[in-house]
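Asks: First the structure, which I've put down as structure tokens, then a few questions once you've had a look.
2 protein chains.
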Amino acid sequence: MEEKFKLENQLCFRLYTASRLLTQAYHPLLGEHGLTYPQYLVLLVLWEKDAQPVNDIAKRLLLETNTVTPLLKRMEAEGIVTRSKGKEDARQMIVKLTKKGRDLQQKLTDVPETVGNAVLCESVTPETFPGLFVMLDDIIDQLKQ
Amino acid sequence: MEEKFKLENQLCFRLYTASRLLTQAYHPLLGEHGLTYPQYLVLLVLWEKDAQPVNDIAKRLLLETNTVTPLLKRMEAEGIVTRSKGKEDARQMIVKLTKKGRDLQQKLTDVPETVGNAVLCESVTPETFPGLFVMLDDIIDQLKQ
DNA sequence: TTAGTTTATATCGTTCACGATGCAAATATA
DNA sequence: TATATTTGCATCGTGAACGATATAAACTAA
Numbered sequence: 002m003e004e005k006f007k008l009e010n011q012l013c014f015r016l017y018t019a020s021r022l023l024t025q026a027y028h029p030l031l032g033e034h035g036l037t038y039p040q041y042l043v044l045l046v047l048w049e050k051d052a053q054p055v056n057d058i059a060k061r062l063l064l065e066t067n068t069v070t071p072l073l074k075r076m077e078a079e080g081i082v083t084r085s086k087g088k089e090d091a092r093q094m095i096v097k098l099t100k101k102g103r104d105l106q107q108k109l110t111d112v113p114e115t116v117g118n119a120v121l122c123e124s125v126t127p128e129t130f131p132g133l134f135v136m137l138d139d140i141i142d143q144l145k146q
Numbered sequence: 002m003e004e005k006f007k008l009e010n011q012l013c014f015r016l017y018t019a020s021r022l023l024t025q026a027y028h029p030l031l032g033e034h035g036l037t038y039p040q041y042l043v044l045l046v047l048w049e050k051d052a053q054p055v056n057d058i059a060k061r062l063l064l065e066t067n068t069v070t071p072l073l074k075r076m077e078a079e080g081i082v083t084r085s086k087g088k089e090d091a092r093q094m095i096v097k098l099t100k101k102g103r104d105l106q107q108k109l110t111d112v113p114e115t116v117g118n119a120v121l122c123e124s125v126t127p128e129t130f131p132g133l134f135v136m137l138d139d140i141i142d143q144l145k146q
């Protein structure tokens, strides 16, 4: 009974599981360089544009600052980023890449392709990727309200 | 530069974000009954089949027992499940629903539809759901290795 | 200018996730 | 039957997530 409660009919469980397993696929590649997956996401944001306040990084990742702040402090302790008070707005903490943080981009150059290949299969191919991206983006937009 | 490192090109970030946001959509509905989303997943498993050892629940959710054990202890403390040593195999802990745990199914009867409606949009409809499910299932199967 | 409000970040507490490790019960092997 | 291995679960430590709350700087309005 209760078809609607079956695990097989749950979108959220699939997203939750796919997310966890794919994050696990990153783990050995990132762990080698002392990084976690959320820290890698911060690097993606800073590689695109260096020197951003905490709030901009959090917004870009759709996370709260109370998640990002401790994460950034760990990255600062690892010497990957620096955090300094904003000049024009003293409330802001500006996060900048160190040389170590910048150099990680070269060291992680194979990561996107390696992980990308790990998910390729019958229904998930370079051709079907865009359609999947659109659906996930729409779900995200819908839930951001 | 470095198209491959752009956040917009990352499948994992989309899965991670969609999973988090959809879990957040469950939060008010479940919180009303003192439940978290992972606890709700355990209930889905036990509503399908009551009285399962910890290992079977963990396998069904593709989680480790060291994640599930503390979670079950919290649910036991809430009076939602009981945990008792297995009769035939004393290593096993058999998890059973209490009346409170069974009764929650009625109280949460609207949850699947409410959350389901929350994700409906242009590209995600009852018609496109099956295709999305297949892709996510394939990704999950691929990564389970 | 002062008082009230908003904004940016930080702190705290709770609950996952998960790698590493420990331990006892069950099973396999010598 | 004694010993070794495997299995099932638990414990510990670390790093997210996130709600609630705090604090200081910036802004707004009286």
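So the protein sequences, as listed, match chains A and B. As numbered in this note's numbering, the first sequence has no gaps in its residue numbers, which increase by one up to the final residue, 146. As numbered in this note's numbering, the second sequence has no gaps in its residue numbers, which increase by one up to the final residue, 146. The beta-carbon is built from N, C-alpha and C at its ideal position, and this holds for glycine as well.
Can you tell which of A:8, A:143, A:22 has its C-alpha closest to the C-alpha of residue 1 of chain A?
Replies: With chain A covering only 2 through 146, there is no way to say anything about residue 1 of chain A.
Asks: At what residue ranges does the stretch 7-83 of chain A contain a whole run of the alpha helix (DSSP H), taking only runs of 4 or more?
Replies: 12-32, 38-49, 55-61, 66-78
Asks: Please tell me whether residue 59 of chain A has its Cβ less than 9 angstroms away from any Cβ of chain B.
Replies: no
Asks: So with CB distances below 8 angstroms, who are the chain A contacts of residue 19 of chain B?
Replies: Those are 16, 20, 137, 140, 141, 144, listed as they occur along chain A.
Asks: Suppose you measure from the CA of residue 108 of chain A to the CA of residue 6 of chain B; what does that come to, to the nearest Å?
Replies: 13 angstroms
Asks: List the residues of chain B whose Cβ lies closer than 9 angstroms to the Cβ of residue 26 of chain A, in chain order.
Replies: 13, 144
Asks: What are the partner residues of residue 85 of chain A, as DSSP defines its beta bridges?
Replies: A:95
Asks: If we ignore side chains and look at the alpha-carbon of each, how far apart do residue 31 of chain A and residue 38 of chain A end up?
Replies: 7 angstroms
Asks: Counting only beta-carbon separations shorter than 9 angstroms, does residue 133 of chain A have a partner in chain B?
Replies: yes
Asks: Give me the Cα-Cα distance between residue 124 of chain A and residue 73 of chain A, rounded to the nearest whole angstrom.
Replies: 37 angstroms
Asks: Between residue 87 of chain A and chain B, is there a C-beta pair that is closer than 9 angstroms?
Replies: no
Asks: Am I right that residue 51 of chain A and residue 97 of chain A are in contact with their C-beta atoms under 8 angstroms? What's the rounded C-beta distance?
Replies: Rounded, the Cβ-Cβ distance is 6 angstroms, consistent with contact.
Asks: Would you check if the distance between the CB atom of residue 27 of chain B and the CB atom of residue 116 of chain B is smaller than 9 angstroms?
Replies: yes
Asks: Mind checking whether the beta-carbon of residue 88 of chain B lies closer than 8 angstroms to any heavy atom of the ligand NAD?
Replies: Ligands in the displayed structure: none, and consequently the ligand NAD is not present.
Asks: Between which two residues does the alpha helix (DSSP H) containing residue 5 of chain A stretch?
Replies: Per DSSP, residue 5 of chain A belongs to no alpha helix (DSSP H) and is neither H nor E.
Asks: Taking residue 129 of chain B as the query, report the chain A residues whose CB atoms sit under 8 angstroms from its CB, ordered along the chain.
Replies: 136
Asks: Name the chain A residues whose beta carbon is nearer than 8 angstroms to that of residue 123 of chain B?
Replies: In chain order: 139.
Asks: Once DSSP output is grouped into helix, strand and coil, what is the label at residue 105 of chain A?
Replies: helix
Asks: Give the straight-line distance between the Cα atoms of residue 101 of chain B and residue 80 of chain B, rounded to the nearest whole angstrom.
Replies: Cα to Cα, the separation comes out at about 7 angstroms.
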